[in-house]
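Trainee:
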Amino acid sequence: MLKAVLFDMDGVIVNTEPLHYKAYYDMFKAVNIEVPLEHYQRYTGRSTISTCTGICDHFGLENDPKELVQLKRKAFQKLFKADPDLDLLPGVLDLIKNYYNNGITLVLASSASQITIHDVFTRFDLDQYFKGRISGADLEASKPHPEIFERAAEIAGYHPSECMVIEDSTSGLKASHAAGIYCVAYKSPHSKNQSYELANKVISDFSEITYENIKSEFEG
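Numbering (numbering that gives the first Met the number 0), first residue to last: 0 to 219.
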């Protein structure tokens, strides 16, 4: 039986990816590197420190990856506060309320920093629906490592077989698959060049996975 849903945030709850894109490229400019879009997209779903470490390694930068993290986060915070059009993705609040009203435990499992998670949850008043939230930035291993979803299931208080993940990135799907958790891939128009082959179910509209429509997947 389905007991808990573990939500990714970027690309699932809110589309901050354009802001992250701008912030990363502001950071790339600050450290004087040119990063092809195709290379940047390889890091979708990964934590900022994991991405910055990969960038330093790939481009042979002598900078400490933590320095790049701070540059990127400073740029992101400035963009976040200045963007009046930032909003929840269509239908996701209805889905969150649907699960909550059916007694499903909700946990956020995002690669975003706790600062960004806090800003998003405060802006859209989401804490009332979620039992907990975990940031991949606080963990030793980043997606596609399964740790974040294993920890999220522990926070929810249920066995992985009683949980479901909603993700939009290849890295997130790999992490969910490795954790042994049923994973729904949200095929967001904002998430480019992602593979959904490991997903148990692929959707393009959140109404497809309301509690009434998904519970049968966990029965028997």
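For every residue, glycine included, the Cβ atom is placed at its ideal position computed from N, Cα and C. Treat the numbers as computed from the prediction; the structure is a model and nothing was measured.
(1) Kindly indicate which three-state DSSP category methionine 0 falls into: helix, strand or coil?
(2) Buried or exposed for proline 35, going by 16 or more other Cβ atoms inside 10 Å?
(3) Is it buried or exposed for methionine 26, if we count other Cβ within 10 angstroms and need 16 for buried?
(4) Tell me whether the beta-carbon of alanine 184 lies closer than 8 Å to the beta-carbon of alanine 174.
(5) CB-CB under 8 Å to isoleucine 48, same chain, minus the five flanking residues each way: which ones, in chain order?
(6) Let's see if you can read the secondary structure: which residues bound the alpha helix (DSSP H) around glycine 102?
(7) Compute the Euclidean distance between the alpha carbons of phenylalanine 6 and isoleucine 133, then round it to the nearest angstrom.
(8) Return yes when the Cβ of valine 164 is within less than 8 Å of the Cβ of isoleucine 154, no when it is not.
(9) Does the distance from the CB of valine 11 to the CB of leucine 125 come in under 8 Å?
(10) Return helix, strand or coil for glycine 171, following the three-state DSSP convention.
(11) Exposed or buried, alanine 111, counting other C-beta atoms within 10 Å across all chains shown (16 or more means buried)?
(12) Please identify the residue among Ser206, Ser168, Asn31, Lys214 whose C-alpha is closest to the C-alpha of glutamate 196.
(13) So, is aspartate 9 buried or exposed, given that buried needs 16 or more other C-beta atoms within 10 angstroms?
(14) Return the bridge partner residues of alanine 140 from the DSSP annotation.
(15) With 16 as the cutoff for other CB atoms within 10 Å, does alanine 81 come out buried or exposed?
(16) For glutamine 193, count the other beta carbons within 10 Å of its own beta carbon; 16 or more makes it buried, fewer makes it exposed. Which is it?
(17) Please confirm whether alanine 178 and valine 106 have their CB atoms less than 8 Å apart.
(18) Taking 8 Å as the threshold (C-beta atoms), are phenylalanine 205 and glycine 90 in contact?
(19) Please report the distance separating the alpha-carbon of cysteine 55 from that of tyrosine 157.
(20) Near alanine 22, which residues of its chain fall below 7 Å by C-beta distance, leaving aside the five closest residues on each side in sequence?
(21) Would isoleucine 208 and lysine 186 be called neighbours here (beta carbons separated by less than 8 Å)?
Mentor: So, from the listed chains and residues:
(1) By one-based count along the sequence shown, residue 0 stands at place 1. Of the three classes helix, strand and coil, the one that applies to methionine 0 here is coil, per DSSP.
(2) By 1-based counting over the sequence shown, the position of residue 35 is 36. The residue is exposed, with fewer than 16 neighbouring Cβ atoms inside 10 Å.
(3) Residue 26 sits at position 27 when you count from the first residue of the sequence shown. Of the other Cβ atoms in all chains shown, 16 or more fall within 10 Å of the Cβ of methionine 26; this residue is therefore buried.
(4) By one-based count along the sequence shown, residue 184 stands at place 185. By one-based count along the sequence shown, residue 174 stands at place 175. No. Outside cutoff.
(5) Reading the sequence shown from its first residue, position 49 is the one you call residue 48. Once the five neighbours on either side are set aside, the close Cβ partners of isoleucine 48 are Pro64, Lys65, Val68, Ala136, Ser141.
(6) Locating residue 102 in the sequence shown gives position 103, where the first residue counts as 1. Counting along the chain, glycine 102 falls outside any alpha helix (DSSP H), and DSSP gives it neither H nor E.
(7) Locating residue 6 in the sequence shown gives position 7, where the first residue counts as 1. Locating residue 133 in the sequence shown gives position 134, where the first residue counts as 1. Distance from the CA of phenylalanine 6 to the CA of isoleucine 133, rounded to the nearest whole angstrom, comes to 10 Å.
(8) What you label residue 154 is simply residue 155 of the sequence shown in a count that begins at 1. What you label residue 164 is simply residue 165 of the sequence shown in a count that begins at 1. Cβ distance not < 8 Å, so isoleucine 154 and valine 164 don't count as in contact.
(9) Counting from one through the sequence shown, the residue named residue 11 turns up at place 12. Counting from one through the sequence shown, the residue named residue 125 turns up at place 126. No; because the gap between Cβ atoms is not below 8 Å, this pair is not in contact.
(10) For the purposes of this step, residue 171 is taken as residue 172 along the sequence shown, with counting starting at 1. Three-state DSSP puts glycine 171 in a helix.
(11) As a working mapping, residue 111 is identified with position 112 in the sequence shown. Label assigned to alanine 111: buried.
(12) Here residue 196 corresponds to residue number 197 of the sequence shown, with the count starting at 1. Nearest neighbour of glutamate 196 by Cα position, chosen from Ser206, Ser168, Asn31, Lys214, turns out to be Ser168.
(13) For this step, residue 9 is matched to residue 10 along the sequence shown. By the C-beta density criterion, aspartate 9 is buried, having at least 16 other C-beta atoms within 10 angstroms.
(14) In the sequence shown, residue 140 corresponds to position 141, counting from 1. Residue pairing of alanine 140 in beta bridges, as defined by DSSP: absent, with no partner found.
(15) Mapped onto the sequence shown, residue 81 falls at position 82. Per the 10 Å Cβ criterion, exposed.
(16) The count along the sequence shown starts at 1 and reaches residue 193 at position 194. Classification of glutamine 193: buried, given that the 10 Å Cβ count is 16 or more.
(17) In the sequence shown, residue 178 corresponds to position 179, counting from 1. In the sequence shown, residue 106 corresponds to position 107, counting from 1. The answer is no: Cβ separation not under 8 Å.
(18) Indexing the sequence shown from 1 puts residue 90 at position 91. Indexing the sequence shown from 1 puts residue 205 at position 206. By the CB criterion at 8 Å, glycine 90 and phenylalanine 205 fall inside the cutoff.
(19) On the sequence shown, residue 55 is found 56 positions in, with the first residue counted as 1. On the sequence shown, residue 157 is found 158 positions in, with the first residue counted as 1. In this model, cysteine 55 and tyrosine 157 are separated by some 38 Å (Cα to Cα).
(20) Translated into positions along the sequence shown, residue 22 becomes position 23. For alanine 22, the CB contacts under 7 Å within the same chain, skipping 5 residues up- and downstream, are Lys71, Ala74, Phe75, Leu78 in chain order.
(21) Mapped onto the sequence shown, residue 208 falls at position 209. Mapped onto the sequence shown, residue 186 falls at position 187. In this structure, isoleucine 208 keeps its C-beta atom at 8 Å or more from the C-beta atom of lysine 186.
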